[in-house]
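One structure is given here, and the rest of the page talks about it.
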Amino acid sequence: MSTSRKNVSRTKAFPSANSVATRPFVYSTGRARNGVRDLLCDRVKLARLVQEYGTPLYVYSATNIRQRVGLFAEAFKGIPTTLCYSVKANSNLSILRLLNEMGTGFDIVSGGELERVRQVARPALRRVVFSGVGKTAGEIDAVLAANILLFNVESAAELDLLEQRARHMRRVAPVAVRVNPDVFAETHPYISTGLREHKFGVDMASASGLYRRAARSKSLDPVGISVHIGSQIRTAEPFGQALRRVLELVQELRCGQGIDVQYIDAGGGVGISYQLDEPGASDPRSAVLAYAAAVRGALTGFAGQLLLEPGRFVVAQAGALIAQVLYRKQNGSKTFLVTDAAMNDLIRPALYQAHHSILPLRQSGGDQTSVVDVVGPVCETGDFFARDRELPDLRAGDCLALLDAGAYGMSLSSNYNSRPRAAEVLVEGAGHRLIRRRETIRDLLATEKSLL
Ligand SMILES: *Cc1c(COP(=O)(O)O)cnc(C)c1O
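When you line the sequence shown up against our numbering, it's residues 28 to 479, in that order.
Structural data, given as structure tokens:
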């Protein structure tokens with residue numbers, strides 16, 4: 028989504044915003060066979076995908092992802108905005124391609140993510156912003172050569188290195204200082220980034236010094252300012268608060284130093300509901316509208332280009348991780364469902380005590396329920412998906428879907444316990460395609476040597 032650019036015209040029509048469902052995973056309606064209903068992604072039976080591709084399996088809905096981008100386009104209509112999707116949330120090439128088709132830009136945090144964007148579409152490089160507290164000289168060189176939109180610089184030392192590399196390459200680096208606005212946002216401590224004691228950004232007081240230095244350099248062009256206060260933030264107010272501080276600095280830079288900031292990068296962080304029926308939960312559209320109201324309100328009077336870096340909000344609810352129950356076992360008073368997916372496939376519960384709603388792939392009306400722990404086979408007590416969860420009685424061979432796993436699921440997966448990583452499938456309407464084949468043990472061993 029890039030409302031200031033001509034290429035919007037080749038953007039596929041946005042799905043009607045009135046029909047925006049929170050999730051694409053719903054049970055089949057109409058007459059159920061033997062009282063059994065199948066869980067679908069769009070119009071595809073997940074049980075069918077399991078038959079074809081096996082488990083563990085990540086499944087995403089292209090429609091849901093398109094709708095999310097459409098919501099931003101709708102909410103920010105009338106102000107020049109580029110949505111730079113945060114690649115780290117889900118970096119699958121087919122998903123990046125889908126977003127590129129909609130005209131989005133990309134927020135990258137490594138040389139690897141740069142290569143992903145390059146593979147998807149070279150022209151998209153002009154809509155890339157490069158974030159991260161630890162950019163290496165090698166990464167900076169590669170990104171300088173790629174002619175991106177903006178470097179989000181996070182320290183004085185990084186600004187020095189960027190200047191040195193740009194001078195060496197005879198280039199001018201477009202720079203934004205990522206400021207740390209010292210704003211508190213209610214979220215998990217591991218994904219809160221906007222307080223002074225966090226490693227991210229530069230405090231407001233030191234930022235103008237960096238702009239002064241950048242303005243004096245022939246190799247640096249201070250054209251932007253960026254802020255990102257954290258992830259999974261469910262209220263709009265902290266975003267407004269951060270941006271009001273940012274705009275103050277922008278005005279100060281213009282009046283005090285004659286530096287004209289053209290880009291305000293508002294970062295990502297818009298949260299989602301991980302609960303199936305959260306009381307009072309806002310629907311995705313209201314969430315984006317509230318966010319946009321806070322952002323637009325805070326930036327009244329700013330005449331430049333707004334950049335947004337959502338990741339989770341765009342892809343989280345489009346995806347689910349499908350797992351099969353291997354064993355049902357009883358230890359004392361506890362019942363465990365041991366699945367073939369594990370923390371190496373989806374680490375959010377172990378890392379952030381995150382809640383993922385769980386739905387069986389087949390639902391029959393008269394299902395008995397029981398309270399169970401859903402766990403993986405990895406040798407860690409932290410390897411669980413749910414604790415003391417009431418679920419319909421599932422037995423070995425049954426499959427379940429861990430919902431809202433489209434963001435920070437596959438992208439945070441690993442090979443711990445020498446487990447090959449899951450396959451990924453993209454569903455659109457009644458069709459589906461494999462967008463990442465299942466890893467093999469041979470893939471895992473390919474980079475290693477066994478020396479005697
Ligand atoms: C991770 C990250 C994002 C995306 O955050 P979400 O919560 O997924 O929207 C955006 N910008 C920066 C700098 C990030 O580090």
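We put the beta carbon where it would ideally sit given N, CA and C, even for glycine.
Could you give the distance in angstroms between the alpha-carbon of residue i and the alpha-carbon of residue j?
i       : j       : result
His-195 : Leu-188 : 11 Å
Glu-181 : Tyr-112 : 19 Å
Cys-406 : Tyr-379 : 19 Å
Gly-236 : Ile-122 : 39 Å
Ala-172 : Leu-186 : 17 Å
Leu-67  : Leu-461 : 17 Å
Arg-37  : Glu-128 : With a pLDDT of 38 at Arg-37, under the threshold of 50, the modelled position of that residue is not reliable, and no figure is offered here.
Lys-6   : Ser-137 : A question about residue 6 goes unanswered here, because the residues of the chain that appear run from 28 up to 479.
Arg-32  : Asp-304 : Residue placement at Arg-32 cannot be trusted, given a pLDDT of 41 that sits under 50; the coordinates are not used to answer.
Arg-223 : Ala-434 : 27 Å
Leu-472 : Arg-446 : 11 Å
Asp-410 : Pro-387 : 20 Å
Val-402 : Gln-191 : 50 Å
Met-370 : Glu-213 : 25 Å
Ser-219 : Asn-179 : 18 Å
Ala-450 : Glu-166 : 29 Å
Ala-232 : Phe-103 : 30 Å
Thr-90  : Leu-280 : 42 Å
Leu-444 : Ala-242 : It is worth fixing the name first, because residue 444 is Asn in this sequence and not Leu. Cα-Cα distance, rounded: 51 Å.
Arg-240 : Ala-457 : 56 Å
Lys-361 : Asp-400 : 8 Å
Glu-417 : Ser-397 : 5 Å
Starting from residue i, follow its DSSP beta bridges and name the residues at the other end.
i       : result
Ser-360 : Bridge partners of Ser-360: none, in fact.
Ala-200 : Leu-247
Gly-257 : Ser-219
Pro-150 : Paired residues: none, contrary to the question.
Phe-103 : Paired residues: none, contrary to the question.
Ala-347 : Val-86
Arg-339 : Bridge partners of Arg-339: none, in fact.
Asp-230 : Asn-207
Given residue i, which residues of its chain have a CB within under 8 Å of its CB, disregarding the five upstream and five downstream residues?
i       : result
Gly-424 : Gln-351, Val-352
Phe-329 : Leu-274, Val-277, Ile-291
Apart from the five residues just before and just after residue i, which ones in its own chain have a Cβ nearer than 6 Å to its Cβ?
i       : result
His-382 : Tyr-301
Leu-126 : Tyr-112
Ser-88  : Pro-51, Cys-68, Asp-69, Ala-345, Val-454
Ala-133 : Residue 133 is actually Phe in this sequence, not Ala. Result list for Phe-133: Cys-111, Tyr-112, Val-114, Val-144, Val-155, in chain order.
Would residue i and residue j be called neighbours here (beta carbons separated by less than 7 Å)?
i       : j       : result
Pro-208 : Val-254 : yes
Val-204 : Ala-234 : yes
Ser-438 : Lys-115 : yes
Ile-260 : Gly-296 : yes
Asp-367 : Thr-49  : no
Gly-324 : Gly-267 : yes
Val-315 : Leu-84  : no
Gly-392 : Gly-57  : no
Leu-326 : Leu-274 : yes
Leu-373 : Gly-283 : no
Ser-64  : Tyr-80  : Residue 64 is actually Arg in this sequence, not Ser. Not a contact, by the Cβ cut-off of 7 Å.
Can you tell me the Cβ-Cβ gap for residue i and residue j, rounded? I've got them flagged as a contact below 8 Å.
i       : j       : result
Tyr-318 : Ala-263 : 5 Å
Leu-176 : Arg-154 : 6 Å
Ile-252 : Val-277 : 6 Å
Asp-415 : Asp-394 : Their Cβ separation, rounded to whole angstroms, is 18 Å, which puts Asp-415 and Asp-394 out of contact at 8 Å.
Val-210 : Ile-256 : 5 Å
In chain order, what residues of the same chain have a beta carbon less than 7 Å from the beta carbon of residue i, not counting five sequence neighbours either side?
i       : result
Val-86  : Cys-68, Leu-73, Leu-76, Gly-346, Ala-347, Ile-349, Val-452, Val-454
Ile-299 : Arg-339, Phe-340, Ala-343, Gln-344, Asp-431
Lys-356 : Phe-363, Val-365
Thr-467 : Pro-447
Ala-193 : Leu-171, Val-199, Ala-200, Ser-246, Leu-247
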